[in-house]
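Report on the structure given below.
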Amino acid sequence: MTHFTKLTTAAALLLGTAGAAWADGHSVSLTPGEEINMVLLPKFLGILVFDQANEGAQEAHAELGNIGELLFVGPTPENSTAGQIEIMTTSATQGQGAVMISNNAGDQIVPSAVAAQAAGTRVVTWDSPIPSGEGEDVFVAQVDFASMGIVMADMAHSILGGAGQMAVLSATPDASNQNAWIAAMEVALEDEKYAGIELVDIVYGDDQAEVSYNRALALVDQYPDLGVIMSPTTVGIQAAAKAMQDEGLCDKVRVSGLGLPSEMVSYTMNGCAPEFALWDFRDLGYLTYYTAYGLASGQMTGEIGETFNAGRMGDFTIEEDPGRPGSSRILMGPFTVYTAENVEAASN
Ligand code: RAM
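Residues in the sequence shown are numbered from 53 upward in steps of one, following this note's numbering.
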């Protein structure tokens, strides 16, 4: 199979048709060395996992020998929605080949994304999609969103020993990834297995450390029987764990959700956050870059069913997003659940 792929790639290069959609079952091999200017746009600057995604994108940028420029630009935390819309608009005006966005603006991003597409800019979402899918070529999904709901329900179940109160500390109210994961968790919680778990509140820490810290403390005040704070954000989970540690509350209120091992290791080892999950953001940036390069160079069509090769990560296929019928996604996976058993090894 490898041999066959090499032969077809070589033949395609000779014929000048590299990147044409292959017949079913074949994978598009991207031809390097094109000149495509691209923008990697996180929710905002200053979150470590987004820097890691940029590292992955830079790796792919070098590997694909793109002679264009890869920019990593984002708004400030306080101006995330308006800032993302502005950067999307400016990118289109500048004639960027692709904008890769972790969307923090909900469907408010749609008009600027649609305009960017009309100007010839490919819009690839990663980490956090456009809820309606409008203005988006494809979403690079880190994990399957429905299964993330089950993972969070299971972590709450194991931390609470099957019964108790849980509150969610989310990111910003318009973060479509967190909103989808919370909705998926609420669906999962309907299963009889979780009948002993009561979801008492959902609050937003805006993916800012201090706001999240204060929201976590407010939750504890408001719900004296709270057993777990579930925070599906690397910023929120770290802030909540610190808040519980600072108040000496870790025996009573545990923290779980989605966290970065290097930021969580001390809280996992001291029992404040015994269990949490995450995926690899470098890989997510790398895969997103391959996707956007393929689309912006015209080597990929972006149609459902199209398979392409993403370098060291292997082959991926564009499929319909089960969470957003009519929109498409590329599913990365896997994710890891971290506990005291494995968090130290992962935190280097
Ligand atoms: C924060 C951001 C990001 C999310 C992670 C889990 O870093 O909100 O979008 O994917 O948490």
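Idealized CB from N, CA, C, for every residue including glycine.
Can you check whether the CB of Gly-108 is closer than 7 Å to the CB of Gly-85?
no
Item to complete: Drop a sphere of 10 angstroms on the beta-carbon of Gln-274, count the other beta-carbons inside from all chains shown, and report buried for 16 or more, exposed for fewer.
Response: exposed
Three-state secondary structure assigned by DSSP to Glu-299: Coil at Glu-299, not helix or strand.
Near Val-166, what residues of its chain come up, given a Cβ to Cβ distance below 7 Å and the 5 sequence neighbours on each side ignored?
-> Glu-186, Gly-187
- prompt: Taking the alpha-carbon positions, what's the Val-252 to Gly-385 distance?
  reply: 30 Å
Note to self: So, under 8 Å CB-CB, Ile-153 and Gln-136 are touching, yes? Tell me the CB distance rounded to an integer number of Å.
What the structure shows: 7 Å
message = Please return the same chain residues whose Cβ sits closer than 8 Å to the Cβ of Gly-357, not counting the five positions on each side in sequence.
response = Asp-76, Thr-369, Ile-370, Glu-371
| query | To the nearest whole angstrom, what separates the beta carbons of Ser-180 and Ser-228, a pair I think is in contact under 8 Å? | reply | 5 Å
If you measure between the beta carbons of Arg-364 and Asp-373, is that distance less than 7 Å?
No.
Counting Cβ pairs closer than 8 Å, one from the segment 321-337 and one from the segment 296-310, do we hit at least three?
As far as the Cβ criterion goes, the segment 321-337 touches the segment 296-310, which means the pair count is three or higher.
Given a threshold of 16 other Cβ atoms within 10 Å of its Cβ, counted over all protein chains shown, does Ser-314 qualify as buried or as exposed? In this structure Ser-314 is exposed. Its beta-carbon is surrounded by fewer than 16 other beta-carbon atoms within 10 angstroms.
Query raised in the report: What span of residues does the alpha helix (DSSP H) with Ile-182 cover, start to end?
Result: Under the DSSP assignment, Ile-182 falls outside any alpha helix (DSSP H); it carries neither an H nor an E label.
Self-check item: Contact belief for Val-175 with Ala-223 at Cβ below 8 Å, rounded distance in angstroms
Solution: Going by Cβ atoms, the distance from Val-175 to Ala-223 rounds to 21 Å, so no, they are not a contact pair.
Problem set entry | When Thr-391, Leu-122, Met-207, Ala-270 are compared against Ala-240, the one with the closest alpha-carbon | Met-207
Could you tell me the distance, in whole angstroms, from the CA atom of Glu-138 to the CA atom of Tyr-256? 24 Å
Given a cut-off of 7 Å on the beta-carbon distance, is the pair Leu-38 and Gly-346 in contact?
This structure gives no information on residue 38, because the portion of the chain shown stretches from 53 to 400.
Comparing the CB of Ser-379 with every heavy atom of the ligand NAP, is any distance shorter than 6 Å? With respect to the ligand NAP, the structure offers nothing, as its ligand set consists of the ligand RAM.
Query - Nearest residue (CA-CA) to Ser-143, options Asp-258, Asn-106, Asn-89 - result: Asn-89
Best match in Val-80, Val-307, Gly-248 for proximity to Leu-269 [C-alpha to C-alpha]
Val-307
Can you give me the C-alpha to C-alpha distance between Ala-114 and Ala-215, rounded to a whole angstrom? 50 Å
- For Ser-308, the three-state DSSP class (helix, strand or coil): Ser-308: strand per DSSP, three-state reduction.
_Ile-249 and Met-200 closer than 7 Å at C-beta_ = no
- Query: Closest to Ser-349 by CA distance: which of Gly-149, Ala-134, Ala-112 is it?
  - Reply: Gly-149
May I ask you to report which of helix, strand or coil DSSP gives Thr-57? Residue placement at Thr-57 is flagged as unreliable, the pLDDT there being 34, under the threshold of 50; the coordinate-derived value follows with that caveat. Of the three classes helix, strand and coil, the one that applies to Thr-57 here is helix, per DSSP.
Check: Could you give the residue range of the alpha helix (DSSP H) that holds Ala-270?
Finding: 261-274
- What is the DSSP secondary structure of Asp-103, reduced to helix, strand or coil? helix
Item checked: Own chain residues within Cβ distance below 8 Å of Ser-141, not counting five before or after -> Sequence inspection shows Thr at residue 141; the Ser mentioned does not correspond to that position. Closer than 8 Å at Cβ, skipping near neighbours: Ser-164, Ala-167, Ala-168.
_Per DSSP, what are the beta-bridge partners of Gln-217 in this structure?_
Glu-250, Leu-278
With a threshold of 6 Å on Cβ separation, who are the neighbours of Ser-379 within its own chain once the five nearest residues in sequence on each side are excluded?
Gly-185, Asp-373
Note down, in chain order, each residue of its chain lying with its Cβ closer than 8 Å to the Cβ of Asp-196, except the 5 sequence neighbours on either side. Pro-374, Leu-383, Gly-385
#### Entry: beta-carbon Ile-182 near the ligand RAM non-hydrogen atom, thresh 6 Å
no
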